[in-house]
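See below for the structure under consideration.
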Amino acid sequence: MEGGCLTFTTTPTRPSTLFNYNPTITKQFYSNSLPNTITHDKRRRGLSIKASTHKFSTAKPTLSRNWDVSSYSKAPAWLPRFEELDTTNMLLRQRIIFLGSQVDDMTADFVISQLLFLDAEDQKKDIRLIINSPGGSVTAGMGIYDAMKMCKADVSTICMGLAASMGAFLLASGSKGKRYCMPNARVMIHQPLGTSGGKATEMSIRIREMAYHKTKLNKILSRITGKPEEKIEVDTDRDNFMNAWEAKEYGLVDAVIDDGKPGLVAPTADATAPPKTRVWDMWKIEGSKKAKKNLPSEERMLQNGYVSTQDDEQKSNEQKDEAPTSL
Numbered sequence: 001m002e003g004g005c006l007t008f009t010t011t012p013t014r015p016s017t018l019f020n021y022n023p024t025i026t027k028q029f030y031s032n033s034l035p036n037t038i039t040h041d042k043r044r045r046g047l048s049i050k051a052s053t054h055k056f057s058t059a060k061p062t063l064s065r066n067w068d069v070s071s072y073s074k075a076p077a078w079l080p081r082f083e084e085l086d087t088t089n090m091l092l093r094q095r096i097i098f099l100g101s102q103v104d105d106m107t108a109d110f111v112i113s114q115l116l117f118l119d120a121e122d123q124k125k126d127i128r129l130i131i132n133s134p135g136g137s138v139t140a141g142m143g144i145y146d147a148m149k150m151c152k153a154d155v156s157t158i159c160m161g162l163a164a165s166m167g168a169f170l171l172a173s174g175s176k177g178k179r180y181c182m183p184n185a186r187v188m189i190h191q192p193l194g195t196s197g198g199k200a201t202e203m204s205i206r207i208r209e210m211a212y213h214k215t216k217l218n219k220i221l222s223r224i225t226g227k228p229e230e231k232i233e234v235d236t237d238r239d240n241f242m243n244a245w246e247a248k249e250y251g252l253v254d255a256v257i258d259d260g261k262p263g264l265v266a267p268t269a270d271a272t273a274p275p276k277t278r279v280w281d282m283w284k285i286e287g288s289k290k291a292k293k294n295l296p297s298e299e300r301m302l303q304n305g306y307v308s309t310q311d312d313e314q315k316s317n318e319q320k321d322e323a324p325t326s327l
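Here UniProt numbering is used: the first residue of the sequence shown is 1, the next is one more, and so on.
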């Protein structure tokens, strides 16, 4: 008995919106006897069945056989939907890296990989590092610092919001002349912070390591800002907050981004430094009523700053005189 080949050809009435091509799906199966031609011709042509009388073929039928791929090159570019956009990759295409979290090992690995990738892609175009970070691990931040210095491309740093602690250090570590700060941003520098516990020998090891990091950071900031290490050590003894113009004057940034838009700069942001107040140690005023009375009022400090009426040595001598003697 002679076998026949039945071919189904389905043609969609409208182009598919999911794919860029318009395939023709072909299915083959075999029967013993079929009519010559069966054709359904309606207003909307849906199915055309044709029978061929060639003999059984040993070729294995596949779904991709008889597909027309000539229209692939003519298909328009595929555009992602809004919910499918990845802002990190979109910024990376513009050579922008955003550091918007605490500096830890995971964040440092991510930023370092982006720096190395952009530097390998093009060493002549600048890399922009936008910083809004409260700081974090010293070792993780030093890893980002080393990656920035290893890049042959210039790394421009921009502060938005807050650059504190290690974030301020990375802000100042950008390429000279390409370190910027937004007008309402804040910059804060201080000495390394940490804790130690355990045995006395273990605590001494941790303290020695922290002292090493403090000296290293002071040396780097001294070289960046051009200020002596002694001044850097004094300025970083406590939390030292600065506005954008103070950070520029200190040498942490090169320029403040202010294009003159109305309302861009907050009313309290100006180029004048805040009033300098005296740092009082608790041991100098504890137990002395006279010393507590001599403390300047907050209103007077904000208006005129602190004006000492007595030397600290005289106050300490008065406290010694007032201290009761042991019998």
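By construction, the Cβ of each residue, glycine as well, lies at the ideal position given by its N, Cα and C atoms.
| query | result |
| --- | --- |
| Proximity of I131 and G167 at Cβ, strictly below 8 Å | yes |
| Between the CA atoms of S156 and L217 - distance to the nearest angstrom | 20 Å |
| Where S113 falls: helix, strand or coil (DSSP) | helix |
| Beta-carbon proximity list for T17, same chain, < 8 Å, skipping 5 on both sides | Bear in mind that the predicted position of T17 carries a pLDDT of just 46, short of 50, making it unreliable; the figure below should be weighed with that in mind. So the list is empty, once near-sequence residues are dropped. |
| Rounded straight-line distance, which links the Cα of W245 to that of V187 | 10 Å |
| Within the region 88 to 161, ranges of the beta strand (DSSP E) (whole runs, at least 3 residues) | 96 to 99 and 127 to 133 |
| R186 - DSSP class collapsed to helix/strand/coil | strand |
| Sequence ranges, alpha helix (DSSP H) only - wholly within the region 161 to 227, length at least 4 | 166 to 172 and 200 to 225 |
| Environment of S133 [buried if 16+ CB atoms lie within 10 Å] | buried |
| Neighbour-count burial assignment, S196, 16 or more Cβ in a 10 Å radius | exposed |
| Whether L116 touches A140 by CB criterion (8 Å) | no |
| D126 vs K152 beta-carbon contact at 8 Å | no |
| Coarse secondary structure for V234, derived from DSSP in three states | helix |
| Beta carbon of G135 nearer than 8 Å to that of A164 | yes |
| Top-ranked residue by Cα proximity to D258, from I97, C159, L252 and M242 | C159 |
| Cβ-based burial, L99 [other Cβ within 10 Å; buried from 16] | buried |
| Exposed unless 16 or more other CB atoms sit within 10 angstroms - verdict on M182 | buried |
| Whole-angstrom distance between L91 and D154, CA atom to CA atom | 17 Å |
| Close Cβ partners of T236 (< 6 Å) along its chain, the five nearest in sequence each way excluded | I189, H190 and Q191 |
| Minimum C-alpha distance to L170 - residue among A185, L193 and V138 | V138 |
| Touch test, the region 197 to 206 against the region 241 to 256, Cβ-Cβ under 8 Å, three pairs minimum | no |
| Distance between T88 and F110 (C-alpha atoms, nearest Å) | 11 Å |
| Residue nearest to E230 in terms of C-alpha spacing, selected from M242, T215 and V256 | T215 |
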